[in-house]
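A.B. asks: All the letters of the sequence shown, read from the start, carry residue numbers 1066 to 1663 under this note's numbering.
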Amino acid sequence: MFNHRVNFMNIVDKPLCSRKTKGATHRIISFIYFSSSTGTGTEAMQTSLLVISIALKVLLFPTYHSTDFEVHRNWLAITNSLPISQWYYEKTSEWTLDYPPFFAWFERFLSLFAAYVDPKIVQIDNLNYDTPATIYFQRTTVIVSELVLFWALQRMLTVMGNRPLQKIINWSLMLNPGLLMVDNMHFQYNGFLYGIMIHSLVDAKQGKLLRSGILFAALLNFKHIYLYIAPSYFAFLLRAYCFENSGNSIRARSWISAFRPLRFITLGVSVIAVFAASLGPFVAMNQLPQLASRLFPFKRGLCHSYWAANFWALYSFADRVMIVLVTKTPIGQYFNLSLDTAALEATTRGLVGDTAFGVLPTVTAQHTLIFTVLLQIPSLISVFRKPTFDRFIGSVALSAFASFLAGWHVHEKAILLCTVTMSVAITNLVGASPNSGSGAGAFSEQKNGAGLLTPRDVRSFMIVSLAGYIGLWPLFFTREETPIKVLITLIWFVVVGSGLDQCIPKQPKGPSMEAGPSSTKSMFRYYTTLERLYVFGCVPVQLYVNLIHEAIFGQEKLAFLPLMITSVYAAVGVVYGWLLYSAAYFSSSKALDKKKTR
């Protein structure tokens, strides 16, 4: 008891990350700070927060679920009722199996319990079966699978510093509004998969590179969307594991002597073994082309029916504006612009077939691939030159951004890959704060001010997260879910934003992007005026989308307009946040390179 009292007094006397906070947010942060001062308090807090997380997700059981619920029920039926040779051919339902084999085996495992709960769940011809027992069972499997994420987050805290403010970021993932909306309402299994990804990233932080690569290879065989970040993994593992003296740049003349062929072979064989375990049976059955056709349906259009908040949403919007200008004003004749009348509805279809544009040039899958690669190359060069974990996790986030912003037929839910990887990067930087101690680990460059949390890191993370989560709101179009999606996003933004504000080292006054704190004492002290306008502008935008539009036009007229407004507004925030994060990443890398050359 005496020791606890001493710890409490130390906490009271020590400002939280060198600044005091006020109000409810301060009480939340102080509770986490005090609870983490002893091992017993930490364990109790983690257990309590896990229970709270589970309880909240159970309360979401009755909420709206999308067609993805039937997708996964159908996959339970396919993997339970049919031999493996028919899994990727079955098409009784339009929701055919289109995830890699490891996820199919995961569904097969769940189907064993589903058949016990209700045999009708695993009947292939029992389409759209969603009895209360079915709903409760499938939603429970999501929560149980998220224990993988919980485990990964505990490892991440242990490795990256276990600081009080890191716990806030840690639990911002366990109670992440994006994951709550997409997994526990809309219905998917992303939390489980992000848990595997974070395990792999933690292994990389610890220097356990071979295991990190094996876990990532397994992840690719659960869900192929993680191909988005595969280039960063390839560059990092090749350079850090297969070359000696990986922490420092290698001169051109020493590349051959630094290369370790045995390690290269070990890594290659390990990754190939994972893919062989996954794809081997289908290769033996000569089904690889069929599997590929399911996993990579390039016949779909550039944009989904609801535009993801990326470059192509802005491109499609610009095309719509130009269509109006060409048809309603003399601008088209003045600039000799032609109008493709057959393509006028193509940008709102997006489900099947190539998306065409009325005025702007049509974008093909090849164009998006080239654009994506060009966006990824700079961070890949940075991490290959100096494969520290700080550069690696930043490169992973930027690779996710590149694929989300420029990819082909990107779904709005893919923004989670950007926000989750940024969360890991932010947790790593918070651990390096001079006010919270060093999150030491292998391949770290957090010395002499390099790799520390900056206002740009925080602003980019918060703006991207806010824009991305608002971009998910149209997934829930019933009025019952509106208060839920708004509240969980708002609470997350205030708690996490206020917490991160406490961990930014004191900044000198300067221009624009790295300006010192303004006169305000709120969590927006480091935000520019335009950034504040964007954040608070979400309120009138959503008021129009959710209330005003229907009051003026009704439910049928201009039905796509609210979706377009949300998508474009979110895209502006995501693109801006990406530019901000890129500036922070490359300026940090450049500053470190200069210090090393002095």
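From the three backbone atoms N, C-alpha and C, an ideal C-beta is built for every residue, glycine too. Bear in mind that the values here come from a model prediction, so they are computed numbers and not experimental data.
Quick one: which unbroken alpha helix (DSSP H) runs of 4-plus residues sit fully inside the segment 1437-1471? Chain order, please.
C.D. replies: Whole alpha helix (DSSP H) segments, 4+ residues: 1454-1471.
A.B. asks: Mapping DSSP to helix, strand and coil, what is CYS1368?
C.D. replies: Position 303 of the sequence shown, counted from the start, is the residue given in the question as residue 1368. In this structure, CYS1368 counts as strand in the three-state DSSP scheme.
A.B. asks: Is it buried or exposed, TYR1646, if we count other Cβ atoms within 10 angstroms and call 16 or more buried?
C.D. replies: Counting from 1 along the sequence shown, the entry for residue 1646 is found at position 581. So TYR1646 counts as buried.
A.B. asks: Which of helix, strand or coil does DSSP assign to VAL1610?
C.D. replies: Numbered from its first residue, the sequence shown carries residue 1610 at position 545. It is helical.
A.B. asks: As an exercise, report each continuous alpha helix (DSSP H) stretch of at least 4 residues that is fully enclosed by the segment 1257-1316, in chain order.
C.D. replies: Runs of the alpha helix (DSSP H) inside the segment 1257-1316: 1274-1285 and 1295-1307.
A.B. asks: Count the other C-beta atoms from every protein chain shown that fall within 10 angstroms of the C-beta of SER1113, then say buried if there are 16 or more, exposed otherwise.
C.D. replies: One-based indexing of the sequence shown puts residue 1113 at position 48. When all chains shown are included, SER1113 counts as exposed.
A.B. asks: Can you give the Cα-Cα distance for GLU1309 and ILE1261, rounded to whole angstroms?
C.D. replies: As a position in the sequence shown, residue 1309 is number 244, starting the count at 1. As a position in the sequence shown, residue 1261 is number 196, starting the count at 1. Those two C-alpha atoms are separated by around 28 angstroms.
A.B. asks: Helix, strand or coil: which one does DSSP assign to VAL1428?
C.D. replies: As a working note, residue 1428 is residue 363 in the sequence shown. Three-state result, VAL1428: coil.
A.B. asks: Which of helix, strand or coil does DSSP assign to PHE1324?
C.D. replies: The count along the sequence shown starts at 1 and reaches residue 1324 at position 259. DSSP places PHE1324 in strand when its eight states are reduced to three.
A.B. asks: Using a threshold of 9 angstroms, state whether the C-beta atoms of TRP1152 and ALA1169 are closer than that.
C.D. replies: The sequence position of residue 1152 within the sequence shown is 87, counting from 1. The sequence position of residue 1169 within the sequence shown is 104, counting from 1. Yes; because the gap between Cβ atoms is below 9 angstroms, this pair is in contact.
A.B. asks: Please list the terminal residues of the continuous alpha helix (DSSP H) segment that includes VAL1386.
C.D. replies: Within the sequence shown, the letter at position 321 stands for residue 1386. First-last of the alpha helix (DSSP H) with VAL1386: 1376-1393.
A.B. asks: So, for ARG1204: in the same chain, excluding its five sequence neighbours on each side, which residues have a beta-carbon less than 6 angstroms away from its beta-carbon?
C.D. replies: Walking along the sequence shown from the start, residue 1204 turns up at place 139. The residues are PHE1126.
A.B. asks: If we ignore side chains and look at the alpha-carbon of each, how far apart do ALA1569 and ILE1556 end up?
C.D. replies: Against the sequence shown, residue 1569 aligns to sequence position 504. Against the sequence shown, residue 1556 aligns to sequence position 491. The sequence as given places Ile at residue 1569; Ala does not occur at that position. Between ILE1569 and ILE1556, the C-alpha separation is close to 21 angstroms.
A.B. asks: Spatial neighbours of PRO1360 within its chain, please: C-beta separation below 7 angstroms, excluding the five flanking residues on both sides.
C.D. replies: Looking up residue 1360 in the sequence shown gives position 295. According to the sequence as given, residue 1360 is Leu; it is not Pro. Closer than 7 angstroms at Cβ, skipping near neighbours: ASP1163, PRO1165 and HIS1289.
A.B. asks: When you compare each of SER1265, VAL1639 and ILE1200 to MET1221 by their alpha carbons, which one comes out closest?
C.D. replies: Counting from 1 along the sequence shown, the entry for residue 1221 is found at position 156. Considering only alpha carbons, the answer is SER1265.
A.B. asks: Buried or exposed: ASP1455, going by 16 or more other Cβ atoms within 10 Å of its Cβ?
C.D. replies: Position 390 of the sequence shown holds residue 1455. The residue in question, ASP1455, is buried, as its Cβ has 16 or more Cβ neighbours within 10 Å.
A.B. asks: Using the Cα positions of LEU1425 and LEU1240, report the straight-line distance between them to the nearest angstrom.
C.D. replies: Looking up residue 1425 in the sequence shown gives position 360. Looking up residue 1240 in the sequence shown gives position 175. Whole-angstrom Cα-Cα distance: 41 angstroms.
A.B. asks: Nearest to ILE1480 by CA position, among VAL1495, LEU1494, SER1464 and THR1492, is which residue?
C.D. replies: Start at 1 with the first residue of the sequence shown, and residue 1480 comes out as number 415. That would be SER1464, whose Cα lies nearest to the Cα of ILE1480.
A.B. asks: Exposed or buried, what is SER1358 when buried is set at 16 or more other beta-carbons lying within 10 Å of its beta-carbon?
C.D. replies: If you number the sequence shown from 1, residue 1358 lands on position 293. Classification for SER1358: exposed.
A.B. asks: Give the C-beta separation of GLY1638 and ALA1532 to the nearest angstrom, bearing in mind that I take them to be a contact with Cβ-Cβ under 8 angstroms.
C.D. replies: As a working mapping, residue 1638 is identified with position 573 in the sequence shown. As a working mapping, residue 1532 is identified with position 467 in the sequence shown. That pair is a contact at about 3 angstroms.
A.B. asks: Taking all protein chains shown into account, do 16 or more other C-beta atoms lie within 10 angstroms of the C-beta of ASN1351, making it buried, or fewer, making it exposed?
C.D. replies: Within the sequence shown, numbered from 1, the residue matching residue 1351 stands at position 286. Exposed.
A.B. asks: At the level of alpha carbons, what is the spacing between TYR1380 and ILE1535?
C.D. replies: Stepping through the sequence shown from its first residue, residue 1380 is reached at position 315. Stepping through the sequence shown from its first residue, residue 1535 is reached at position 470. Roughly 20 angstroms separates the two Cα atoms.
A.B. asks: Counting only beta-carbon separations shorter than 9 angstroms, does PRO1539 have a partner in chain D?
C.D. replies: Given the protein chain composition of this structure (a single chain), no chain D is represented.
A.B. asks: Could you give the C-beta distance for VAL1604 and ILE1630, rounded to a whole number, given that I count them as a contact under 8 angstroms?
C.D. replies: Reading the sequence shown from its first residue, position 539 is the one you call residue 1604. Reading the sequence shown from its first residue, position 565 is the one you call residue 1630. Actually they do not touch by this definition, with Cβ atoms about 13 angstroms apart.
A.B. asks: For VAL1475, which beta-bridge partners are listed by DSSP?
C.D. replies: Translated into positions along the sequence shown, residue 1475 becomes position 410. CYS1368, per the DSSP bridge assignment.
A.B. asks: Does the ligand ATP have even one heavy atom less than 8 angstroms from the beta-carbon of LEU1214?
C.D. replies: Ligands are entirely absent from the displayed structure, and the ligand ATP is therefore not among its contents.
A.B. asks: Apart from the five residues on each side of it in sequence, which residues of its chain come closer than 6 angstroms, Cβ to Cβ, to THR1427?
C.D. replies: On the sequence shown, residue 1427 is found 362 positions in, with the first residue counted as 1. Closer than 6 angstroms at the Cβ level, and outside the excluded window around THR1427, lie ALA1421.
A.B. asks: Nearest-angstrom Cα distance between SER1653 and ASN1611?
C.D. replies: For the purposes of this step, residue 1653 is taken as residue 588 along the sequence shown, with counting starting at 1. For the purposes of this step, residue 1611 is taken as residue 546 along the sequence shown, with counting starting at 1. Spanning the two alpha carbons is a distance of roughly 41 angstroms.
A.B. asks: Consult DSSP for THR1132 and reduce its assignment to one of helix, strand or coil.
C.D. replies: Taking the sequence shown and counting its residues from 1, one reaches residue 1132 at position 67. Helix at THR1132.
A.B. asks: Looking only at its own chain, which residues have a Cβ that is under 6 angstroms from the Cβ of LYS1512, when we skip the five neighbours before and after it?
C.D. replies: As a working mapping, residue 1512 is identified with position 447 in the sequence shown. Since pLDDT at LYS1512 reaches only 47, below the 50 mark, its modelled position is unreliable, and the value read off the structure follows with that caveat. Cβ within range, chain order: n/a, list empty.
A.B. asks: Could you spell out the range, first to last residue, of the alpha helix (DSSP H) harbouring LYS1550?
C.D. replies: For this step, residue 1550 is matched to residue 485 along the sequence shown. Where LYS1550 is concerned, the enclosing alpha helix (DSSP H) stretches over 1547-1567.
A.B. asks: Looking only at C-alpha atoms, which of PHE1469, THR1594, THR1492 and LEU1608 sits nearest to THR1547?
C.D. replies: What you label residue 1547 is simply residue 482 of the sequence shown in a count that begins at 1. Comparing Cα positions, the closest option is LEU1608.
A.B. asks: Hey, quick one: how far does the alpha helix (DSSP H) through ASP1522 stretch, first residue to last?
C.D. replies: Position 457 of the sequence shown, counting from 1, holds the residue named residue 1522. Start and end: 1520-1535.
A.B. asks: Under 9 angstroms between the Cβ atoms of TYR1298 and VAL1461?
C.D. replies: The sequence position of residue 1298 within the sequence shown is 233, counting from 1. The sequence position of residue 1461 within the sequence shown is 396, counting from 1. Yes, these two residues count as a Cβ contact at 9 angstroms.
A.B. asks: Here's a check: name, in chain order, each residue in its chain whose Cβ is nearer than 7 angstroms to the Cβ of ARG1524, leaving out the five neighbours to either side.
C.D. replies: Within the sequence shown, the letter at position 459 stands for residue 1524. So the qualifying residues of the chain are TYR1591, TYR1592, GLU1596 and LEU1645.
A.B. asks: Are the Cβ atoms of LEU1284 and TYR1293 separated by less than 9 angstroms?
C.D. replies: Along the sequence shown, read from residue 1 onward, the residue named residue 1284 stands at position 219. Along the sequence shown, read from residue 1 onward, the residue named residue 1293 stands at position 228. Against a cut-off of 9 angstroms, the Cβ pair of TYR1293 and LEU1284 comes out as no contact.
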